[in-house]
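K.L.:
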Amino acid sequence: MRIVALVSGTGSNLQAVIDAVANGGLDIQIAAVGADRPDTYGIERSAAAGLETFVVNFKDYAARADWDAALLDAVAAYKPDYVVSSGFMRIVAPGFIDAFEGRYVNTHPALLPSFPGAHGVRDALAYGVKVTGCTVHFADAGVDTGPIIAQTPVVVLDGDTEETLHERIKVAERDLLIKVLGDLAATETAKPA
203 MRIVALVSGT
213 GSNLQAVIDA
223 VANGGLDIQI
233 AAVGADRPDT
243 YGIERSAAAG
253 LETFVVNFKD
263 YAARADWDAA
273 LLDAVAAYKP
283 DYVVSSGFMR
293 IVAPGFIDAF
303 EGRYVNTHPA
313 LLPSFPGAHG
323 VRDALAYGVK
333 VTGCTVHFAD
343 AGVDTGPIIA
353 QTPVVVLDGD
363 TEETLHERIK
373 VAERDLLIKV
383 LGDLAATETA
393 KPA
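In the working numbering, the protein residues as written are 203 to 395.
(1) For the stretch 212 to 265, list the beta strand (DSSP E) runs that are entirely contained and at least 3 residues long, ordered along the chain.
(2) Measure the alpha-carbon distance for GLN231 versus ALA207 and round it to whole angstroms.
(3) Keeping to the same chain, check which residues put their C-beta closer than 6 Å to that of GLU254; ignore five residues upstream and five downstream.
(4) In the DSSP output, what is GLY322 paired with across the bridge?
(5) Just to confirm, are GLY289 and GLY213 a CB contact at a threshold of 8 Å?
(6) Measure the C-alpha to C-alpha separation of ASN225 and VAL219 and round it to an integer number of angstroms.
(7) Suppose you measure from the CA of PRO296 to the CA of PRO349; what does that come to, to the nearest Å?
(8) Does the stretch 305 to 325 come within contact of the stretch 334 to 347, defined as at least 3 CB pairs closer than 8 Å?
(9) From TRP269 to ASP262, what distance separates their C-alpha atoms?
(10) Buried or exposed: which applies to ALA328, given that a residue is buried once 16 or more other Cβ atoms fall within 10 Å of its Cβ?
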């Protein structure tokens, strides 16, 4: 199974996937890693691991539609079975979703459908939940609204801050992403030729 991973930040989820592939715990091929800006540590991590990388810098495009088209072309060039949003913080265009329908995997640091959006951990704490967690889902045209693939609960501890809770969620998120990718790879292998 071939994936293209998209990152906007440090790529810590991606690093866990890279490590799982390297130690034989995950049988997938990371065809390439792309970013929406050149200064992402996720791209540095990927290059250090010997992976092919590309940047479709959002700031290089005057029109959003042009960036959307360039991102779609860049990802499609690698012919991935799945695209994995590994902390990619841009909402992609409907055309991207259509091109990779049922194949665009996203992680989210909350138990969807609760607390969607960029501040899921903060929102869960503010609401006062006792359990939150992480979700891996297929992205659709909404924000964190696509079909849920898997979830892992994480207990909110007394005295948790956004940072302490998010760190525990990240650990669960990495493990869950690796499990989901392994399950998807097994499904791909089982498909008739």
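The beta-carbon is built from N, C-alpha and C at its ideal position, and this holds for glycine as well.
P.N.:
On the basis of the supplied data:
(1) 231 to 237, 255 to 257
(2) Along the sequence shown, read from residue 1 onward, the residue named residue 231 stands at position 29. Along the sequence shown, read from residue 1 onward, the residue named residue 207 stands at position 5. Roughly 11 Å separates the two Cα atoms.
(3) Along the sequence shown, one-based indexing puts residue 254 at 52. Excluding residues within five positions, the ones whose Cβ falls inside 6 Å are ALA234.
(4) If you number the sequence shown from 1, residue 322 lands on position 120. In DSSP, GLY322 forms no bridge with anything.
(5) Start at 1 with the first residue of the sequence shown, and residue 289 comes out as number 87. Start at 1 with the first residue of the sequence shown, and residue 213 comes out as number 11. Contact flag set, yes.
(6) Position 23 of the sequence shown, counted from the first residue, corresponds to residue 225. Position 17 of the sequence shown, counted from the first residue, corresponds to residue 219. Between ASN225 and VAL219, the C-alpha separation is close to 10 Å.
(7) Residue 296 sits at position 94 when you count from the first residue of the sequence shown. Residue 349 sits at position 147 when you count from the first residue of the sequence shown. Going by the C-alpha atoms only, they are around 16 Å apart.
(8) yes
(9) For the purposes of this step, residue 269 is taken as the residue at position 67 of the sequence shown. For the purposes of this step, residue 262 is taken as the residue at position 60 of the sequence shown. Those two C-alpha atoms are separated by around 8 Å.
(10) Along the sequence shown, read from residue 1 onward, the residue named residue 328 stands at position 126. The residue is exposed, with fewer than 16 neighbouring Cβ atoms inside 10 Å.
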